[in-house]
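Each remark here refers to the structure printed beneath this line.
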Amino acid sequence: MVNKGTWVLIHKVVLEPRERASQIPADTKKVPLEMWIKGRLQKDTMIRKEAEILTRTGRKETGTLLEENPTYWHDFGEFMPELLAISDQVRELVFGGKK
Amino acid sequence: MVGNRDYTSVMARKGEIMKRSVGIDYSAFESGSIAFDYEGMMRETGYTLEEIIKIQSRAHVGNTPIIELRNLTALARKCAKPGFGARILIKDEAANPSGSFKARRAATAIYHAKKHGFKGVISATSGNYGAAVASQAAMAGLKCIVVQECYDSKGLGQPEIIEKARKCEALGAEVVQLSVGPELFYKFLLLLEDTGYFNASLYTPFGIAGIETLGYEIATQFQEKYGRCPDMVVCTNAGGGNVTGTARGLLKARADSIVVGASVNLAGLHMASDRQFNRKSFTTGHTGFGVPFASWPDRSDVPRSAARPLRYMDRYVTITQGSVFYITEALASLEGLEKGPAGNTSLAAAFALAQHMLKDQLILVQETEYTGAGKHVQPQLSFARENGIEVAFGDPKDEVPGENLILPSHPALIKATDVDLDHIRSSLIKTALAGGKVPTEGDIKFLAEETRKDEAFVKAIIAKLQED
Numbered sequence: 001m002v003n004k005g006t007w008v009l010i011h012k013v014v015l016e017p018r019e020r021a022s023q024i025p026a027d028t029k030k031v032p033l034e035m036w037i038k039g040r041l042q043k044d045t046m047i048r049k050e051a052e053i054l055t056r057t058g059r060k061e062t063g064t065l066l067e068e069n070p071t072y073w074h075d076f077g078e079f080m081p082e083l084l085a086i087s088d089q090v091r092e093l094v095f096g097g098k099k
Numbered sequence: 001m002v003g004n005r006d007y008t009s010v011m012a013r014k015g016e017i018m019k020r021s022v023g024i025d026y027s028a029f030e031s032g033s034i035a036f037d038y039e040g041m042m043r044e045t046g047y048t049l050e051e052i053i054k055i056q057s058r059a060h061v062g063n064t065p066i067i068e069l070r071n072l073t074a075l076a077r078k079c080a081k082p083g084f085g086a087r088i089l090i091k092d093e094a095a096n097p098s099g100s101f102k103a104r105r106a107a108t109a110i111y112h113a114k115k116h117g118f119k120g121v122i123s124a125t126s127g128n129y130g131a132a133v134a135s136q137a138a139m140a141g142l143k144c145i146v147v148q149e150c151y152d153s154k155g156l157g158q159p160e161i162i163e164k165a166r167k168c169e170a171l172g173a174e175v176v177q178l179s180v181g182p183e184l185f186y187k188f189l190l191l192l193e194d195t196g197y198f199n200a201s202l203y204t205p206f207g208i209a210g211i212e213t214l215g216y217e218i219a220t221q222f223q224e225k226y227g228r229c230p231d232m233v234v235c236t237n238a239g240g241g242n243v244t245g246t247a248r249g250l251l252k253a254r255a256d257s258i259v260v261g262a263s264v265n266l267a268g269l270h271m272a273s274d275r276q277f278n279r280k281s282f283t284t285g286h287t288g289f290g291v292p293f294a295s296w297p298d299r300s301d302v303p304r305s306a307a308r309p310l311r312y313m314d315r316y317v318t319i320t321q322g323s324v325f326y327i328t329e330a331l332a333s334l335e336g337l338e339k340g341p342a343g344n345t346s347l348a349a350a351f352a353l354a355q356h357m358l359k360d361q362l363i364l365v366q367e368t369e370y371t372g373a374g375k376h377v378q379p380q381l382s383f384a385r386e387n388g389i390e391v392a393f394g395d396p397k398d399e400v401p402g403e404n405l406i407l408p409s410h411p412a413l414i415k416a417t418d419v420d421l422d423h424i425r426s427s428l429i430k431t432a433l434a435g436g437k438v439p440t441e442g443d444i445k446f447l448a449e450e451t452r453k454d455e456a457f458v459k460a461i462i463a464k465l466q467e468d
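Protein chains in written order, with the numbering used here: chain F, 1 to 99; chain V, 1 to 468.
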């Protein structure tokens, strides 16, 4: 159970595939237009249940409750040895090797 | 006022929602046929250059430094014929409050919104502009909503876009994240209608006039420092505002620099395709926006776009994804400057273009952008590899967008490829005449201005279209 007032992330389908615009590519037309939005939970709700939130601008949105205190997980990715090779190459070309 | 909220009904209300949320009656500038009064729109709905410099200065925007990249220039000269290799310089727009030149556009839009009593602003963008609007709205005490196209149907998002969401939220904005598709515009319209907020579109006269200060500053700073204007100014081109505003500012300062637009080549990838969404490594500054917006600027989120790049570009070049990543790494390694890859699109192009210019010439890249987790060459390359894109060293000419990402095996392989501007001009004229419209003399004159050609050129294209 996630408590009322907690900062949460919800998910909602905005347009079902049949409601989507006609001019979009076939692969996109097969899937719904989805929305993810954060806000304060308006009453105690279980994860994966329908929830109502109040967003940062004070708007009400409803959707499926996904996560409490949603975290940013983006980072610097896996190390790419190619970048080190580029670094070595340009330094060698400009400054003349490992001096 | 509450109308039906289904897709068709909301789209049908587009005109009235726009008029209320931008505060511009675009019909005042229409001729009734193809032409509209572009300069009239810019003059009567915008602000003077002097006013904008003041507005931006109060918001800590502008006056960014120009940095000469001596070591990158040395690298370009190693790849050029003797006597060739212009001095490469950058304007460090990452020094603006939100970390990019977009602060210039946002500052004027937010000033206008505040002045007209709007309580908040909304912007539809996955890029640096969202952070810029959020930053300026925070300063002005306005509420802010940023609508992003963010995830594919598997819930997977580009690290760069996720970072942008974080930054917008850190600056107090509400971020509405959507899956792939142009119907983002539908949700955008609903939000404008529900909140009564200002549409901080990238394409209003305020947004474009905000960039004129960038061109003007370039001319002034170069005059002071080098006693002349740069021979060439390279601008990353997506929606066309960057090129348009910069060139207009240069013209206002009577600078005669050659203006070059540069985009990452994403030919073959469909921007609205769910499957292809995460198979590109650039979310902006690419041909997926650059070419269609140059060919038809009025596809934007306002009735008449103030960004009209064909009026201002002397040349339009493309560069590969791998070349931009290579140059981003070279910039860090040779100049000690870590900047975001998207802003380095024009730097990669300039690196190639400089090699065809004389040593005493000056080539300026007019922007840089911030970098950090997600928005950095390493996570973006790593994301590409995780998503099945082959990352390898080789010749950039072998890069196929969506399939591989070729890092140049030697910097001499980095080339800027010219786009045929006449082809884009012809496409613009064709779209303008769609539905069998018969152009008036005024329309012909307008299309000549739109394409930066003479009336004979426009008439020749029309004659050819009629033959086909």
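Cβ coordinates follow ideal geometry from the N, Cα and C atoms, glycine included.
Taking one beta carbon from each stretch, the stretch 112-121 of chain V and the stretch 370-385 of chain V have fewer than 3 pairs nearer than 8 angstroms; the two do not touch. Using a Cβ-Cβ cut-off of 7 angstroms, S87 (chain F) is close to E329 and S333 of chain V, given in chain order. Under the 9 angstroms criterion on CB atoms, E52 (chain F) is classed as non-interfacial with respect to chain V.
In the structure shown, the three-state DSSP call for G63 (chain F) is strand. The beta carbon of D398 (chain V) sits closer than 8 angstroms to the beta carbons of N404 and I406 from its chain, once the five residues preceding and following it are set aside; these are given in chain order.
The C-alpha of T28 (chain F) lies about 14 angstroms from the C-alpha of L156 (chain V). Counting only runs that start and end inside the stretch 374-443 of chain V, the alpha helix (DSSP H) elements of at least 4 residues fall at 377-386 and 421-432. Between I162 (chain V) and C150 (chain V), the CB-CB gap stays under 9 angstroms.
The three-state reading of DSSP puts T318 (chain V) in strand, counting E and B together. The stretch 25-42 of chain F makes contact with the stretch 7-15 of chain F; the number of CB pairs closer than 8 angstroms reaches 3 or more.
Taking 9 angstroms as the CB threshold, V31 (chain F) lines the interface with chain V. In the same chain as A352 (chain V), and ignoring 5 residues on each side of it, the C-beta atoms closer than 6 angstroms to its own belong to I414, K415 and A416, in chain order. Using a C-beta cut-off of 8 angstroms, the stretch 199-213 of chain V makes contact with the stretch 92-110 of chain V, since at least three inter-stretch Cβ pairs fall below that distance. Check the Cα spacing between M41 (chain V) and each of V:T440, V:A307, V:P65 and V:A330: the tightest is with V:A307. Of all alpha-carbon atoms in F:R56, F:E68, F:E61 and F:Q89, the one lying nearest the alpha-carbon of L190 (chain V) is that of F:E61. Listed in chain order, the non-local C-beta contacts of A131 (chain V) below 7 angstroms within the same chain comprise S98, G99, K164, K167, C168 and L171, local neighbours out to five positions each way being set aside. Nearest Cα to A267 (chain V) within the set V:S281, V:R254 and V:D395: V:S281.
Short of 6 angstroms from the beta carbon of A349 (chain V), and not among the five residues preceding or following it, lie these beta carbons of its own chain, in chain order: V234, A262, V317, I319 and A416.
Distance between T440 (chain V) and G249 (chain V), taken at the CA atoms: about 31 angstroms.
G120 (chain V) has its alpha-carbon roughly 25 angstroms from the corresponding atom of E212 (chain V).
The Cβ of A272 (chain V) sits closer than 9 angstroms to at least one Cβ of chain F. Using beta-carbon distances, G39 (chain F) counts as an interface residue toward chain V, with a partner under 9 angstroms. Annotated three-state conformation of V302 (chain V) is coil, per DSSP. Any Cβ of chain F closer than 9 angstroms to the Cβ of H112 (chain V) would place that residue at the interface, and such an atom is absent. According to the DSSP assignment, M232 (chain V) belongs to the beta strand (DSSP E) that extends over M232 to T236.
At a cut-off of 9 angstroms between beta-carbon atoms, Q378 (chain V) makes contact with chain F. Within 10 angstroms of the beta-carbon of T71 (chain F) lie fewer than 16 other beta-carbons, which makes it exposed.
Bridge pairing for A124 (chain V): V:V147 [DSSP]. Minimum Cα-Cα distance from G374 (chain V) among the listed residues V:E160, V:E39, V:R5 and V:F84 corresponds to V:E160.
When secondary structure is reduced to three states using DSSP, Q355 (chain V) falls in the coil class, being assigned neither helix nor strand. Contact between K187 (chain V) and Q366 (chain V) fails: their C-beta atoms lie close to 33 angstroms from each other, not under 8 angstroms.
Any Cβ of chain V closer than 9 angstroms to the Cβ of V90 (chain F) would place that residue at the interface, and such an atom is present. Listed in chain order, the non-local C-beta contacts of A138 (chain V) below 6 angstroms within the same chain comprise L171 and G172, local neighbours out to five positions each way being set aside. In terms of beta-carbon proximity, Q23 (chain F) lines the interface with chain V, with at least one pair separated by less than 9 angstroms. Following the DSSP letters along the chain, one finds G249 (chain V) in no beta strand (DSSP E) but inside the alpha helix (DSSP H) bounded by residues G241 to K252. Around the C-beta of I47 (chain F), fewer than 16 other C-beta atoms lie within 10 Å, and the residue is accordingly described as exposed.
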